[in-house]
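Residue numbers (the working numbering): 63 to 153.
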């Protein structure tokens, strides 16, 4: 992402992730059903872990592993699961 779009594109990508994760926390705290809130927090935890580890690998803070970046990296099954979990949030 940084090679093609530069600093501005990377900063916008990180801001988009922050916006999505912030909306997930807001959704989890405002839902009246406790189980639905836990499902949203579980999806939030999975995505934030993948985002932090992937960005950490990119800047050299953590060892390189095979963790893809949600909605950006090409990982067939993981990309499908991200879209399914996003659809689950809208149901």
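For glycine and all other residues, C-beta sits at the position ideal for the given N, C-alpha and C.
Quick caveat: nothing in here was measured; it's all calculated off a predicted structure.
Check	Outcome
Residue 130, enclosing alpha helix (DSSP H) - first and last residue	Here residue 130 belongs to no alpha helix (DSSP H), and DSSP marks it neither H nor E.
Under 9 Å between C-beta atoms of residue 112 and residue 125	no
CB contact flag (residue 143, residue 129, <9 Å)	no
Identity of the residue in 94, 79 and 139 nearest residue 110 by Cα	79
Residue from 102, 127, 75 and 135 with nearest C-alpha to residue 147	102
Delimiting residues of the alpha helix (DSSP H) encompassing residue 38	No answer is possible for residue 38: it lies beyond the span of the chain, which begins at 63 and ends at 153.
CB contact flag (residue 105, residue 150, <9 Å)	yes
Buried or exposed (CB count within 10 angstroms, at least 16 for buried), residue 86	buried
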